[in-house]
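Novice: My structure is below; once you've seen it, I'll send some questions.
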Amino acid sequence: MDIIVKETGTLNVKRGLAEMLKGGVIMDVVNPEQAKIAEEAGAVAVMALERVPSDIRAQGGVARMSDPEMIIGIQEAVSIPVMAKARIGHIIEARVLEALDIDFIDESEVLTPADDVYHILKSAFRVPFVCGARNLGEALRRVGEGAAMIRTKGEAGTGDVVEAVRHIRRVNEDIQRVVSATPMELMTLAKDMGAPYELVVEVKNLGRLPVVNFAAGGVATPADAALMMELGCDGVFVGSGIFKSGDPARRAKAIVEAVAHYKDAALIADVSKGLGEAMRGQSVAQLDDRDRLAGRGW
Amino acid sequence: MKVGILALQGAVREHRHILHTLGVETVDVLSSCDLDGICGLILPGGESTTMGKLLVRYGLLDPIAELGRRGMPVFGTCTGLILLSKHINHSDQYRLGLMDTFVERNAFGRQLASFEADMYIPVLGKTPFHTVFIRAPYIEKADSNVNILLRYDNRILFAEQDNFLAAAFHPELTDDTRIHAYFLEKAAAFHKI
C-alpha cells in the first residue's frame, strides 16, 4: 500500500498521546516494583522519579532528573507509557530523557528549577511535554512553548487538594472570561493574562484549552480524584498520595475506579471503604511561602 | 439509531464529536445498563490494560462480547483493536476476543515512533486518509475470514470481520468522517434487523 508522507514528533502525535490518557490516572513511582503495582491497578501511565514530592519536601536538597538506570528499569517493567521529570529550563536533562526514549517529559516545578527566567522550548523536541499551570495565562505560555498537555500545579507532596482546586477553578474562570469576551477585547485580555494572543483566540473558538488538562498536586483519596474530574479536569496525576499511604495497591485501584466513574457517588463510597491510612499530609495554609513549589515557573 | 461509546477512559470526546457531526445519537457506556438499545459500539483509543481491567471490574466484558457474537457491530480504534482481538502476543491481558487476529502491542515502538501519514485505503475511495498512529499496535496476522482493508510494510493496520471493524490508527483525531460512516453502515444494517 502506498504511503504519502510519514512524520514523527508532530504536534498531532504529541497532543494525541495526551488525548489517549484522558479519564485516567498517572502515578508517581520510584522503582520497577511500584510501577508494576501501578500498572496492575489500572494506571494509564507512570511518572518515574527518584523521590516522591513529599520526600523531596521532607528531605530538602536539590531535586534533579532521575537516574537513567532507574528509568530504564521502569520502562522494562511495564507496557504503559513512562513519563519522567526534568527541571524547569534544564534543556540537557530533557534531551537525556528524550534519548532514553521516554514517552512524556514533565518540565516540573517539583524539581529544583535550573533556570529562573526561561522554560524549555518544548516545540524543539520530538517528545511531548506536560507542564504545570495555576491560571490560563501560565497554561497558554507553556502551550506556546510547545507543551502538549497541561496539569494544575496544586501543591505537590502535601496531600492537601486545596491548591489543585484553586488552580482548576481559576483556569475555568479565565476560560469563561475569554469565551464571553468580544473579539475586540481579546488582545487586552491576552496582555493582562500574559498569554499569546493566537492561543487566546483558539481558546475562545474551542471553549476550552487546546490541549488536555490534568489535575495534580495534593490528590490523596478517591474522592479527591473524583472532585478534580467533577471540576472539569481530563484526568489525574497522583504523586505521594498512593505510595505514602497504608495500602498502595488498593488505594491505587480505588483512585482509578473513582476517576472512571466520578459521577457515581455510591461507587466511590464502595471503593473508599477500608483503604487504610491516607498519606498524613500537611495543610497548605500552614506552609511557609518558601516551601511552596507552585510559585516556581515563569 | 443510537451508538454507544465505551467511556471508561481514553479518546471518548473525539468519537462523540465525529458521530454527532454525522447526525448520530451517542451514549457513553460506563455500565452494562448503558448497552440497552444501542445498535453499535465504539471502543476508543486509550490504554488497553486500563480499559481491560475496568471492563472486567464493572461486568462489561461478557455482555459486550455476547452482543458482538449476536451480531452487534463493534468498531475498535488502537486500544479497541487490541480488545477485539482473540490473540495478543506476549500478553494475558483482558480482551473481548471477537476477531481472529494476532495483535502486537506498542508494535512500532514508544512515543517517539508515533507517526502520522496519508494512506490510500481502497474501500474509502481514491482520496487518501490521514492516519495518526500513537504507540500503536498492528495485526501481525489474521485468519482467512478477516478482510484486510489496509496493509503497510507487511503489517495489517485496518481490518474487518463480519460485524467487527478494527483500526490501528485514530480516525477520531482527524476531521475525516469516512471510516465512521463506513462503520455506521454496519450499525444501520443491524438496526433494521
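Residue numbers (the working numbering), protein chains in the order written: chain A, 434 to 731; chain B, 816 to 1008.
Just so it is clear, CB atoms sit at the ideal spot from N, CA and C, and this is done for glycine as well.
Please read these numbers as outputs of a predicted model, since none were measured by experiment.
1) Which bits of chain A does B/Ala928 rub up against, with CB to CB less than 8 Å?
2) Helix, strand or coil, according to DSSP, for A/Pro508 in the structure here?
3) Show which residues of chain B have a CB atom less than 8 Å away from the CB atom of A/Pro561.
4) Counting beta carbon pairs with one atom in the segment 961-976 of chain B and one in the segment 586-597 of chain A, are three or more of them shorter than 8 Å?
5) Anyone know if the C-beta pair for B/Leu869 and A/Glu690 falls short of 9 Å?
6) On a Cα-Cα basis, can you pick out the residue from A/His600, A/Ile524 and A/Gln492 that is closest to A/Leu664?
7) Compute the distance between the beta-carbons of B/Phe890 and B/Ala982, then report whether it is under 9 Å.
8) Report yes or no: is there a C-beta of chain B within less than 9 Å of the C-beta of A/Met480?
9) In three-state DSSP terms, what is A/Glu641?
10) Could you tell me which whole alpha helix (DSSP H) segments of length 4 or greater appear in the segment 471-511 of chain A?
11) Going by the beta-carbon positions, is the gap between A/Asn646 and A/Ala572 smaller than 9 Å?
12) Can you give me the Cβ contacts of A/Leu533 inside the same chain, cut-off strictly under 8 Å, excluding the 5 residues immediately before and after it?
13) Do you know how far the Cα of B/His1006 is from the Cα of A/Arg574?
14) Quick check on DSSP: helix, strand or coil for A/Phe676?
15) Just tell me which of A/Val560, A/Val550 and A/Asn605 has its CA closest to the CA of A/Trp731.
16) Could you check whether the Cβ of A/Gly449 sits closer than 9 Å to any Cβ belonging to chain B?
17) To the nearest angstrom, how far is it from the Cα of B/Ile879 to the Cα of B/Thr894?
18) So A/Leu569 is in the alpha helix (DSSP H); what residue range does that whole segment cover?
19) Do you know how far the Cα of B/Glu919 is from the Cα of A/Ile437?
20) From this set, B/Leu823, B/Val818 and B/Leu845, which residue's C-alpha is nearest B/His832's C-alpha?
21) Looking only at C-alpha atoms, which of B/Ala1002, B/Pro952 and B/Arg993 sits nearest to B/Thr836?
22) Are the Cβ atoms of A/Arg725 and A/Glu588 separated by less than 9 Å?
23) Which residues in the same chain as B/Leu856 place their Cβ atom closer than 6 Å to its Cβ, once the five residues preceding and following it in sequence are excluded?
Specialist: In this structure, then:
1) For the purposes of this step, residue 928 of chain B is taken as residue 113 along the second sequence, with counting starting at 1. Result: Thr441.
2) Position 75 of the first sequence, counting from 1, holds the residue named residue 508 of chain A. It is worth fixing the name first, because residue 508 of chain A is Gln in this sequence and not Pro. A/Gln508: helix per DSSP, three-state reduction.
3) Here residue 561 of chain A corresponds to residue number 128 of the first sequence, with the count starting at 1. Within chain B, the residues near A/Pro561 are Gln926.
4) no
5) Taking the first residue of the second sequence as 1, we reach residue 869 of chain B at position 54. Taking the first residue of the first sequence as 1, we reach residue 690 of chain A at position 257. Yes, the pair counts as a contact, with Cβ atoms nearer than the cut-off.
6) In the first sequence, counting from the first residue as 1, residue 664 of chain A sits at position 231. With distances taken between Cα atoms, A/Leu664 lies closest to A/His600.
7) Locating residue 890 of chain B in the second sequence gives position 75, counting from the first residue. Locating residue 982 of chain B in the second sequence gives position 167, counting from the first residue. In contact: B/Phe890 and B/Ala982 (Cβ atoms closer than 9 Å).
8) Residue mapping note: residue 480 of chain A aligns to position 47 of the first sequence, counting from 1. No, A/Met480 does not count as interfacial toward chain B.
9) Sequence index remark: in the first sequence, residue 641 of chain A carries index 208 (1-based). The sequence shown places Arg at residue 641 of chain A, rather than the Glu named in the question. The answer is coil: DSSP assigns A/Arg641 none of H, G, I, E or B.
10) 486-492 and 501-510
11) Counting from 1 along the first sequence, the entry for residue 646 of chain A is found at position 213. Counting from 1 along the first sequence, the entry for residue 572 of chain A is found at position 139. For A/Asn646 and A/Ala572, yes; Cβs fall inside 9 Å.
12) For the purposes of this step, residue 533 of chain A is taken as residue 100 along the first sequence, with counting starting at 1. Contacts found: Pro501, Ile504, Ile505, Gln508 and Ala517.
13) The sequence position of residue 574 of chain A within the first sequence is 141, counting from 1. The sequence position of residue 1006 of chain B within the second sequence is 191, counting from 1. So the alpha carbons of these two residues sit roughly 48 Å apart.
14) By 1-based counting over the first sequence, the position of residue 676 of chain A is 243. Note: A/Phe676 maps to helix in three-state DSSP.
15) The residue you call residue 731 of chain A lines up with position 298 of the first sequence. It is A/Val550.
16) Position 16 of the first sequence, counting from 1, holds the residue named residue 449 of chain A. Chain B, which has a Cβ nearer than 9 Å to the Cβ of A/Gly449, makes this yes.
17) Looking up residue 879 of chain B in the second sequence gives position 64. Looking up residue 894 of chain B in the second sequence gives position 79. Cα to Cα, the separation comes out at about 15 Å.
18) In the first sequence, residue 569 of chain A corresponds to position 136, counting from 1. Leu569 to Glu578 is the span of the alpha helix (DSSP H), which, as asked, contains A/Leu569.
19) For the purposes of this step, residue 437 of chain A is taken as the residue at position 4 of the first sequence. For the purposes of this step, residue 919 of chain B is taken as the residue at position 104 of the second sequence. Each residue's alpha carbon lies about 24 Å from the other.
20) Position 17 of the second sequence, counted from the start, is the residue given in the question as residue 832 of chain B. Measuring from the Cα of B/His832, the nearest candidate turns out to be B/Val818.
21) Taking the first residue of the second sequence as position 1, residue 836 of chain B is located at position 21. Here the closest residue by C-alpha is B/Arg993.
22) Taking the first residue of the first sequence as 1, we reach residue 725 of chain A at position 292. Taking the first residue of the first sequence as 1, we reach residue 588 of chain A at position 155. Their beta carbons are under 9 Å apart, which means A/Arg725 touches A/Glu588 by this criterion.
23) One-based indexing of the second sequence puts residue 856 of chain B at position 41. Taken in chain order, the residues that qualify are Gly819 and Val889.
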